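Visitor: Pasting in a structure now, in structure tokens, and then I'll have a few things to ask.
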Amino acid sequence: MENDKEHPRVLIEEWFPFKEVSIECQRERIGKFIPLNRFHIWWARRPLIVSRAAIIGSILPSDSKESFKKFVQIDHDIRKKAKIWESLKKQGKTPTGISTKRAYENKLNQEELLSFHTILNQFWNTERLKFLDPMSGGGAIPFEAYKLGLDTYSSDLNPIPIILQYITIPLATKYKEKIIDLVRKYTNKVLERLNDKIKYFPINTELEYDGFIWVRTIQCFNPECQIEIPLAKNWLLLNKSNKPKIILKLLLPKDGGKICNFKIITGPNQETIRNNKYTVKNGIINCPRCNHTISKENLYQFLKESSLGHRLVAIAYKEKDGKRTRKNFRLANDID
Numbered sequence: 406m407e408n409d410k411e412h413p414r415v416l417i418e419e420w421f422p423f424k425e426v427s428i429e430c431q432r433e434r435i436g437k438f439i440p441l442n443r444f445h446i447w448w449a450r451r452p453l454i455v456s457r458a459a460i461i462g463s464i465l466p467s468d469s470k471e472s473f474k475k476f477v478q479i480d481h482d483i484r485k486k487a488k489i490w491e492s493l494k495k496q497g498k499t500p501t502g503i504s505t506k507r508a509y510e511n512k513l514n515q516e517e518l519l520s521f522h523t524i525l526n527q528f529w530n531t532e533r534l535k536f537l538d539p540m541s542g543g544g545a546i547p548f549e550a551y552k553l554g555l556d557t558y559s560s561d562l563n564p565i566p567i568i569l570q571y572i573t574i575p576l577a578t579k580y581k582e583k584i585i586d587l588v589r590k591y592t593n594k595v596l597e598r599l600n601d602k603i604k605y606f607p608i609n610t611e612l613e614y615d616g617f618i619w620v621r622t623i624q625c626f627n628p629e630c631q632i633e634i635p636l637a638k639n640w641l642l643l644n645k646s647n648k649p650k651i652i653l654k655l656l657l658p659k660d661g662g663k664i665c666n667f668k669i670i671t672g673p674n675q676e677t678i679r680n681n682k683y684t685v686k687n688g689i690i691n692c693p694r695c696n697h698t699i700s701k702e703n704l705y706q707f708l709k710e711s712s713l714g715h716r717l718v719a720i721a722y723k724e725k726d727g728k729r730t731r732k733n734f735r736l737a738n739d740i741d
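What the sequence shown shows, in the numbering used here, is residues 406 to 741, in sequence order.
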């Protein structure tokens with residue numbers, strides 16, 4: 406085990422402002438894209454503010470609370486402001502958010518960076534501290550380490566995130582604003598090639614398509630029924646706390662028909678949601694018409710010899726709502 410001489414005790418071993426950092430994590434993820442994903446997408450991305458706080462807490466001396474707050478740059482009153490904001494929301498008011506710049510957008514100026522590195526140099530007895538993230542993924546941690554002026558290294562078993570990190574840090578640093586023109590130039594080339602390949606898709610000039618909602622299907626095993634069962638655990642299309650729910654209401658076929666239909670309902674009441682029959686639960690398929698069930702075992706046996714069908718049931722699209730854009734849905738038609 407390392408002794409204190411080899412590894413001096415650092416701040417994160419003694420203290421960490423979990424509440425303040427958690428508030429900033431939530432604020433960082435508000436909006437269509439989280440930071441860095443404006444440049445490229447990567448799953449399991451760590452929030453930048455957590456990355457910054459973890460790095461600084463791991464290299465500052467254990468008695469450096471005030472220095473930590475200064476260098477992480479989280480508003481000192483963020484807990485108080487967040488409490489006021491939550492209170493306004495509970496009263497039915499809709500404030501735009503906490504009236505403070507989000508912490509991840511802040512960066513140290515030259516004077517603050519010099520002060521930061523002076524503390525590090527004295528504490529670690531080195532002129533330039535080296536930082537390594539051996540499994541760096543999307544690169545949030547090395548990105549923040551680089552911004553702090555540390556001698557930053559990163560690696561990953563997957564070559565894709567390494568390429569993405571190379572674009573995010575060295576190339577962006579080297580080319581700065583010029584990289585915007587380069588990205589625009591090459592994304593336009595990709596779009597031109599894609600347009601040639603996907604132009605057979607129907608184009609509705611009045612709508613901006615945002616997604617196609619498909620369901621898997623299987624024929625009911627009951628020989629007296631045999632309807633095409635659309636498979637879904639629920640029929641929610643939109644389920645956000647600050648917006649009306651939008652659901653697909655399942656309509657059973659009439660007059661001995663075999664194909665189910667749907668209706669889109671915005672703002673359904675609880676009874677409508679309860680009565681809207683799901684067709685899959687715990688891996689067991691339930692026919693919405695005759696209630697015949699298909700067990701996992703029977704389904705596996707069926708899939709050895711055949712396959713599930715599929716069906717396009719709805720289209721997601723974007724539409725203008727004043728200055729904002731909101732998502733809406735329509736049923737799929739024969740042209741789709």
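Note that the Cβ used here is the ideal one computed from N, Cα and C, for glycine as well. Just so we're clear, the structure is a prediction, and the values are computed from it rather than from any experiment.
With which residues is A721 paired in a DSSP beta bridge?
Guide: Here the question's residue 721 lines up with position 316 in the sequence shown. Beta-bridge pairing links A721 to G616, F734.
Visitor: Mind checking which residues open and close the beta strand (DSSP E) that includes T557?
Guide: Here residue 557 is taken as the residue at index 152 of the sequence shown, counted from 1. Residues 556–559.
Visitor: Does DSSP classify K682 as helix, strand or coil?
Guide: Position 277 of the sequence shown, counted from the start, is the residue given in the question as residue 682. Coil.
Visitor: From which residue to which residue does the beta strand (DSSP E) around T573 run?
Guide: Against the sequence shown, residue 573 aligns to sequence position 168. Careful: T573 lies outside any beta strand (DSSP E) and carries neither H nor E.
Visitor: For Q527, which three-state DSSP category applies?
Guide: As a first step, residue 527 must be located in the sequence shown, where it is residue number 122. If DSSP states are grouped into helix, strand and coil, Q527 belongs with the helices.
Visitor: For G428 and I483, which I take to be in contact (beta-carbon distance under 8 Å), what is that distance rounded to the nearest angstrom?
Guide: Along the sequence shown, read from residue 1 onward, the residue named residue 428 stands at position 23. Along the sequence shown, read from residue 1 onward, the residue named residue 483 stands at position 78. Note on identity: in this sequence residue 428 is Ile, with Gly being the wrong assignment. The Cβ separation is near 5 Å, so the contact holds.
Visitor: Spatial neighbours of W619 within its chain, please: CB distance less than 6 Å, with the 5 preceding and 5 following residues excluded, ordered by chain position.
Guide: For the purposes of this step, residue 619 is identified with residue 214 of the sequence shown, where counting begins at 1. For W619, where only same-chain residues beyond five positions count, the Cβ hits under 6 Å are H715, L717.
Visitor: Can you give the Cα-Cα distance for F536 and T557, rounded to whole angstroms?
Guide: Stepping through the sequence shown from its first residue, residue 536 is reached at position 131. Stepping through the sequence shown from its first residue, residue 557 is reached at position 152. Distance between the alpha carbons of F536 and T557 is about 5 Å.
Visitor: For Y580 and K552, I'd like the C-alpha separation in whole angstroms.
Guide: Taking the first residue of the sequence shown as 1, we reach residue 580 at position 175. Taking the first residue of the sequence shown as 1, we reach residue 552 at position 147. Straight through space, the alpha carbons of K552 and Y580 are spaced by roughly 16 Å.
Visitor: Taking C-alpha atoms, which residue in E471, K506, G616, K470 lies nearest to K486?
Guide: By one-based count along the sequence shown, residue 486 stands at place 81. Its Cα nearest to that of K486, the residue K506 stands out among E471, K506, G616, K470.
Visitor: If you draw a straight line from the alpha carbon of L642 to that of P649, how long is it in whole angstroms?
Guide: Within the sequence shown, residue 642 is the residue found at index 237, counting from 1. Within the sequence shown, residue 649 is the residue found at index 244, counting from 1. Taking the straight line joining both Cα atoms gives about 11 Å.
Visitor: From T684 to S712, what does the alpha carbon distance come to, in whole angstroms?
Guide: The sequence position of residue 684 within the sequence shown is 279, counting from 1. The sequence position of residue 712 within the sequence shown is 307, counting from 1. Each residue's alpha carbon lies about 18 Å from the other.
Visitor: Thinking C-beta only, is F528 closer than 7 Å to P466?
Guide: For the purposes of this step, residue 466 is identified with residue 61 of the sequence shown, where counting begins at 1. For the purposes of this step, residue 528 is identified with residue 123 of the sequence shown, where counting begins at 1. Cβ atoms of P466 and F528: closer than 7 Å.
Visitor: Please confirm if the region 652–660 is in contact with the region 576–595, defined as three or more CB-CB distances below 8 Å between the two stretches.
Guide: A contact between stretches requires three or more CB pairs, one per stretch, nearer than 8 Å, and the region 652–660 fails this requirement with the region 576–595.
Visitor: Specify the secondary structure class of N703 as computed by DSSP and reduced to three states.
Guide: Counted from its first residue, the sequence shown places residue 703 at position 298. Three-state DSSP puts N703 in a helix.
Visitor: Beta-carbon within less than 7 Å of I652's beta-carbon, same chain only, minus the 5 sequence neighbours each way: which residues are those?
Guide: Taking the sequence shown and counting its residues from 1, one reaches residue 652 at position 247. Same-chain partners within the cutoff: W640, L641, L642, I670, P673, I678, N681.
Visitor: Please work out which residues of its chain come closer than 7 Å, Cβ to Cβ, to K668, disregarding the five sequence neighbours upstream and downstream, and give them in chain order.
Guide: Reading the sequence shown from its first residue, position 263 is the one you call residue 668. Taken in chain order, the residues that qualify are K654, L656.
Visitor: Whole angstroms is fine: what's the gap from D480's alpha carbon to A550's?
Guide: The residue labelled residue 480 in the question sits at position 75 within the sequence shown. The residue labelled residue 550 in the question sits at position 145 within the sequence shown. When rounded, the distance between both Cα atoms is 20 Å.
Visitor: Under 6 Å Cβ to Cβ from R546, same chain only, skipping five residues before and after it: list those, please.
Guide: On the sequence shown, position 141 is the one that residue 546 refers to. Correcting the residue type first, residue 546 is Ile in the shown sequence and not Arg. When the five nearest sequence neighbours on each side are left out, the beta carbons in the same chain lying within less than 6 Å of the beta carbon of I546 are those of S456, D538, in order along the chain.
Visitor: Can you name, in chain order, every residue of its own chain whose Cβ lies under 7 Å from the Cβ of E419, other than the five neighbours on each side?
Guide: For this step, residue 419 is matched to residue 14 along the sequence shown. The answer, listed in chain order, is S467.
Visitor: Going by the CB atoms, is the gap between I489 and F476 shorter than 7 Å?
Guide: Mapped onto the sequence shown, residue 476 falls at position 71. Mapped onto the sequence shown, residue 489 falls at position 84. The answer is no: Cβ separation not under 7 Å.
Visitor: Only counting the same chain, and skipping five residues up and downstream in sequence, which positions put a Cβ closer than 8 Å to that of S646?
Guide: Residue 646 sits at position 241 when you count from the first residue of the sequence shown. For S646, where only same-chain residues beyond five positions count, there are no Cβ hits under 8 Å.
Visitor: Taking only the alpha-carbon atoms, compute the straight-line gap between E702 and E710 and give it to the nearest angstrom.
Guide: Position 297 of the sequence shown, counted from the first residue, corresponds to residue 702. Position 305 of the sequence shown, counted from the first residue, corresponds to residue 710. Distance between the alpha carbons of E702 and E710: 13 Å.
Visitor: Which whole-angstrom value is the C-beta distance of G554 and L518, which I expect to be below 8 Å?
Guide: Position 149 of the sequence shown, counting from 1, holds the residue named residue 554. Position 113 of the sequence shown, counting from 1, holds the residue named residue 518. Confirmed, about 5 Å.
Visitor: May I ask you to list the residues that DSSP assigns as paired with L656?
Guide: Within the sequence shown, the letter at position 251 stands for residue 656. Note: L656 sits in a beta bridge opposite N666.
Visitor: I'd like the span of the alpha helix (DSSP H) that includes D584, first residue to last.
Guide: Numbered from 1 along the sequence shown, position 179 holds the residue referred to as residue 584. Here the sequence assigns Ile to residue 584, which means Asp is not the residue at that position. Element bounds for I584: 583–603.
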